[in-house]
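Heads up: the structure comes next, in structure tokens.
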Amino acid sequence: MALIEIKNLKKTYSDHGVEAPALRGINLEIEAGEFTAIAGPSGSGKTTLLNIIGGLDRPSSGTVIVDGVDLSTLSRSALADYRLRKVGFVFQSYNLIEVLTTAENAEFVLLLQKVPKSERRARVYEILEAMGMAEYLNKRPNQLSGGQQQRIAVARAIAHNPRIVLADEPTANLDSATAAGLLDLMRAMNERYGVTFLFSTHDRLVMEKARRVVLLRDGLVVEDGRRV
Numbered sequence: 405m406a407l408i409e410i411k412n413l414k415k416t417y418s419d420h421g422v423e424a425p426a427l428r429g430i431n432l433e434i435e436a437g438e439f440t441a442i443a444g445p446s447g448s449g450k451t452t453l454l455n456i457i458g459g460l461d462r463p464s465s466g467t468v469i470v471d472g473v474d475l476s477t478l479s480r481s482a483l484a485d486y487r488l489r490k491v492g493f494v495f496q497s498y499n500l501i502e503v504l505t506t507a508e509n510a511e512f513v514l515l516l517q518k519v520p521k522s523e524r525r526a527r528v529y530e531i532l533e534a535m536g537m538a539e540y541l542n543k544r545p546n547q548l549s550g551g552q553q554q555r556i557a558v559a560r561a562i563a564h565n566p567r568i569v570l571a572d573e574p575t576a577n578l579d580s581a582t583a584a585g586l587l588d589l590m591r592a593m594n595e596r597y598g599v600t601f602l603f604s605t606h607d608r609l610v611m612e613k614a615r616r617v618v619l620l621r622d623g624l625v626v627e628d629g630r631r632v
């Protein structure tokens with residue numbers, strides 16, 4: 405069974421009586437451990453697709469089954485627990501908490517899970533050391549570069565051992581060299597920890613680094629290509 409099974413997924417938004425279809429019938433399977441880019445131009449539906457997989461939005465129709473659970477059957481509180489335990493998020497705007505240190509930002513989800521402090525710190529230190537960020541443990545976001553902040557966002561996303569990391573345009577605010585380094589880092593994390601990475605992007609660099617590229621256009625899958 406695939407980690408993520410998407411069947412005839414549709415999402416339509418309504419604004420003052422005007423309907424705008426974002427997804428028109430997506431069928432897709434993602435296996436555990438994939439490093440996949442959902443690509444396409446603005447308005448193709450890629451962010452909507454990630455938001456539904458992440459439990460941040462609900463579909464108009466169709467099903468999304470993650471790790472054997474149909475997300476449409478979950479209550480609001482169960483969806484919140486699903487996001488807390490099964491999913492890591494990386495956003496283009498970093499979304500770090502300015503008053504927290506690097507270590508505190510990276511362990512934030514573990515804190516919400518009530519993991520003991522010593523265990524949180526050991527896990528976060530292991531990840532930050534693997535990222536070459538251990539020397540910045542006590543720095544705050546405003547003392548870090550954009551690339552460093554995004555590394556911390558990735559550390560936060562994987563620290564709680566989620567099944568999936570959803571990265572929405574994670575390279576959008578980075579120069580090409582920094583973006584390439586970040587993608588290499590995420591691929592290393594994918595290989596080291598076995599976390600499934602799913603990107604939404606229109607960045608050619610992300611598509612080149614991905615092992616699979618799923619192309620959306622007008623809310624439909626129009627191409628699906630795998631690489632070795």
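Residue numbers for the sequence shown follow the numbering used here, so the first one is 405 and each next one is one higher.
Just so it is clear, CB atoms sit at the ideal spot from N, CA and C, and this is done for glycine as well.
Within 8 Å, strictly: CB atoms of residue i and residue j
i           : j           : result
residue 629 : residue 582 : no
residue 476 : residue 414 : no
residue 633 : residue 562 : It is not possible to answer for residue 633, since the shown part of the chain is limited to 405 through 632.
residue 435 : residue 454 : no
residue 462 : residue 623 : no
residue 410 : residue 431 : yes
residue 592 : residue 441 : no
residue 483 : residue 517 : no
residue 569 : residue 600 : yes
residue 564 : residue 494 : no
Identity of the residues DSSP links to residue i by a beta bridge
i           : result
residue 597 : In the DSSP output, where bridge partners are listed per residue, residue 597 has none listed.
residue 425 : 416
residue 512 : In DSSP, residue 512 forms no bridge with anything.
residue 530 : According to DSSP, residue 530 bridges with nothing at all.
residue 602 : 440, 570
Reduced DSSP secondary structure (H/G/I, E/B, other) of residue i
i           : result
residue 461 : coil
residue 684 : With the chain covering 405 to 632 only, the question about residue 684 has no answer from this structure.
residue 572 : strand
residue 456 : helix
residue 481 : helix
residue 521 : helix
residue 640 : This structure cannot settle anything about residue 640, because the visible part of the chain is limited to 405 through 632.
residue 431 : strand
residue 588 : helix
residue 450 : helix
residue 616 : strand
residue 563 : coil
residue 549 : coil
residue 578 : coil
residue 608 : helix
residue 406 : coil
residue 436 : coil
residue 541 : coil
Burial state of residue i (16 or more Cβ within 10 Å)
i           : result
residue 445 : exposed
residue 360 : With the chain running from 405 to 632 in the structure shown, residue 360 is simply not present.
residue 470 : buried
residue 531 : buried
residue 554 : buried
residue 412 : exposed
residue 509 : buried
residue 560 : buried
residue 535 : buried
Other residues of its chain near residue i: CB distance less than 6 Å, five sequence neighbours each side excluded
i           : result
residue 620 : 444, 448, 449, 450
residue 424 : 417
residue 490 : 566, 567
residue 611 : 441, 443, 617
Same chain, Cβ closer than 8 Å to residue i, five either side skipped, listed in chain order
i           : result
residue 609 : 575, 580, 583, 584, 587
residue 525 : 507, 511
residue 529 : 507, 538, 541
residue 625 : 430, 431, 432, 618, 619
residue 627 : 617, 618, 619
residue 523 : 514
Cut-off 7 Å between Cβ atoms - residues of its own chain near residue i, not counting five sequence neighbours on either side
i           : result
residue 641 : Nothing about residue 641 can be read from this structure; the chain reaches only from 405 to 632.
residue 590 : 558, 601
residue 439 : 591, 594, 601, 614, 615
Any non-hydrogen atom of the ligand GDP within 7 Å of residue i CB
i           : result
residue 469 : The ligand GDP is not part of this structure, which contains no ligands at all.
is_contact[residue i, chain C] using C-beta, thresh 8 Å
i           : result
residue 517 : Chain labels in this structure do not include chain C; a single protein chain is all it has.
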